[in-house]
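Heads up, the thing below is written out as structure tokens.
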Amino acid sequence: MSNQHPSASTGCPTNRESPDQTAHAVKLSLPINQKSSTNQMKGDPNSTSLWAYTQDEADDERPSSAISSTPTLDKCDKHKRPEAICCRDLRGDDERHLIDPDIVRDIVIGLSDGLTVPFGLTAGLSSLGSSRLVVVGGIAELISGAISMGVGGYLASEAERDHFRYLQRTTSERVSRSCSGEMEREVHEVLGPIGLDESISRTVTGALLRVEAEIDNNPATLTSQPAEGWFRQLLRLVARKPRTSVSAEAGPASEQLRWSKDVGMTAFLLKFGEGLEEVPESRLYISAFTIGTAYFIGGLVPMAPYFVIESAQVALYWSIGIMFITLLIFGVFKAYFTGAKIGFSGYLKASSATIVVGGSAAAASWLIVKALEKP
Numbered sequence: 001m002s003n004q005h006p007s008a009s010t011g012c013p014t015n016r017e018s019p020d021q022t023a024h025a026v027k028l029s030l031p032i033n034q035k036s037s038t039n040q041m042k043g044d045p046n047s048t049s050l051w052a053y054t055q056d057e058a059d060d061e062r063p064s065s066a067i068s069s070t071p072t073l074d075k076c077d078k079h080k081r082p083e084a085i086c087c088r089d090l091r092g093d094d095e096r097h098l099i100d101p102d103i104v105r106d107i108v109i110g111l112s113d114g115l116t117v118p119f120g121l122t123a124g125l126s127s128l129g130s131s132r133l134v135v136v137g138g139i140a141e142l143i144s145g146a147i148s149m150g151v152g153g154y155l156a157s158e159a160e161r162d163h164f165r166y167l168q169r170t171t172s173e174r175v176s177r178s179c180s181g182e183m184e185r186e187v188h189e190v191l192g193p194i195g196l197d198e199s200i201s202r203t204v205t206g207a208l209l210r211v212e213a214e215i216d217n218n219p220a221t222l223t224s225q226p227a228e229g230w231f232r233q234l235l236r237l238v239a240r241k242p243r244t245s246v247s248a249e250a251g252p253a254s255e256q257l258r259w260s261k262d263v264g265m266t267a268f269l270l271k272f273g274e275g276l277e278e279v280p281e282s283r284l285y286i287s288a289f290t291i292g293t294a295y296f297i298g299g300l301v302p303m304a305p306y307f308v309i310e311s312a313q314v315a316l317y318w319s320i321g322i323m324f325i326t327l328l329i330f331g332v333f334k335a336y337f338t339g340a341k342i343g344f345s346g347y348l349k350a351s352s353a354t355i356v357v358g359g360s361a362a363a364a365s366w367l368i369v370k371a372l373e374k375p
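Sequential numbering from 1 applies to the sequence shown in full-length UniProt numbering.
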């Protein structure tokens, strides 16, 4: 039986396309130039290959209304630059690998206390003339002080976490009993100061309320992020990349949303309205470990001369010089890894601040101990 059937208008036979031919036709219906499509079908060797026609070129020939307005990481205009460098690979004049501010805060607290408190103790004990007595008393103070500082860091982070959870619960209850008009007003209080009008705030409010309603109706649809070890998280925080760079592990916004534990209106009001984020469980242990370790290391610095010098008075002078140099170096590193101004003036300012603060505390401790020695 023939596969040709007469046409209803001309009586000429027409070909019935098989499913494979239909699929092939669909594959060819890509957004390509009409002038070059004939040559491509005829197999002109001088014509451009069909698969060499990129999506960016196709978007240039489509109307702007037909192109998705949602930006993706796959779209970049690097082919329009002479160097063909993606904008994600462009770097400024001053881009550094910064350390997480929470880690820096814990290190500063631990080191500053470790450099001052044991120094005041050892300086007071040095008046007795025995370096061995200074070492024994200093080591005992270091161990007890490191444990105390670590426990203090843990309790401080725990209090911060409990504070966030309380505000999260009360904010969620307030959102559930508030009308959409009140929510639009609160969202506009956050977005208005940065230049967004009320229509955009109204749109954002509707989207956030829909997400929150979906979570409340079906909490199982929102999966939580897999647990991450505290040591791995510590390394990730210390080796944090500059904020301008895009992490290679970052996925689309929908993937990040899927792994988020808190989304919707409540999370928006807490994060952007109050400036609060939940403290992870591992943060408690990281803070305790960082503060305690920094305190112990900082306390060993002014005590180092007493281990090798027998005369306590001579070791005291060496201890003062070593602590001065340590505070100077610490100020330089703090300025670099926290994003402060660098250069000679920036390093000088940061070093001077640490020397003045640390030196004043150490001098005050030493003077108090000397005053108590007087009959």
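Every residue gets a Cβ at the ideal spot worked out from N, C-alpha and C, and that includes glycine.
Cβ pair Arg161, Glu274 closer than 8 Å: No, they are not a contact pair.
Helix, strand or coil at Ser178 [DSSP, three-state]: coil
Distance between Gly346 and Leu142 (C-alpha atoms, nearest Å): One C-alpha to the other measures close to 32 Å.
Which listed residue (His163, Leu125, Arg132, Gly145) has its alpha carbon closest to that of Pro280: His163
Option in Lys334, Arg202, Leu367, Pro302 with minimal Cα separation from Asp106: Lys334
Euclidean distance between Cα positions of Ala140 and Val134: 10 Å
Inter-residue spacing [alpha-carbon to alpha-carbon] between Glu158 and Gly150: 12 Å
Residues bridged to Ser130 (per DSSP): Ser311
Gly299 in three-state terms, based on DSSP: helix
Spatially closest choice to Glu198 from Gly181, Arg210, Glu212, Val211, by CA coordinates: Gly181
Cβ-Cβ separation, Gly358 to Thr116 (assumed contact under 8 Å), whole Å: 6 Å
Inter-residue spacing [alpha-carbon to alpha-carbon] between Arg202 and His188: 8 Å
Own chain, CB closer than 6 Å to Val190, minus 5 neighbours either side, in chain order: Phe272, Gly273
For Gly137 and Trp366, the rounded distance between their alpha carbons: Cα-Cα distance, rounded: 15 Å.
Alpha carbon of Val175 to alpha carbon of Leu208, nearest angstrom: 11 Å
Endpoints, the alpha helix (DSSP H) within which Ile194 is located: Note, Ile194: premise wrong, no alpha helix (DSSP H); not H, not E.
DSSP three-state assignment for Asp106, whether helix, strand or coil: helix
Glu274 in three-state terms, based on DSSP: Reduced to three states, the DSSP call for Glu274 is coil.
Contact the segment 318-329 vs the segment 300-310: 3+ CB pairs below 8 Å: yes
Candidates Ile215, Ser112, Ala267, of which the one nearest Gly292 by Cα: Ser112
Rounded Cβ spacing between Gly331 and Ile297 (contact assumed at less than 8 Å): Rounded, the Cβ-Cβ distance is 16 Å, inconsistent with contact.
Cβ-Cβ distance between Gly110 and Thr290 below 8 Å: One thing to note: Gly110 has its Cβ within 8 Å of the Cβ of Thr290.
Nearest candidate by alpha-carbon position, reference Arg185, set Val314, Val204, Ala123, Phe307: Val204
Cα-Cα separation between Arg240 and Ile286, rounded to whole angstroms: Per-residue confidence for Arg240 stands at a pLDDT of 44, beneath the threshold of 50, marking its modelled position as unreliable; the derived number appears in the next sentence. So the two alpha carbons sit approximately 15 Å from each other.
Contacting residues, own chain, Cβ-Cβ under 8 Å from Thr122 (five flanking each side not counted): Val134, Gly137, Gly138, Pro302, Met303, Tyr306, Leu316, Ser319
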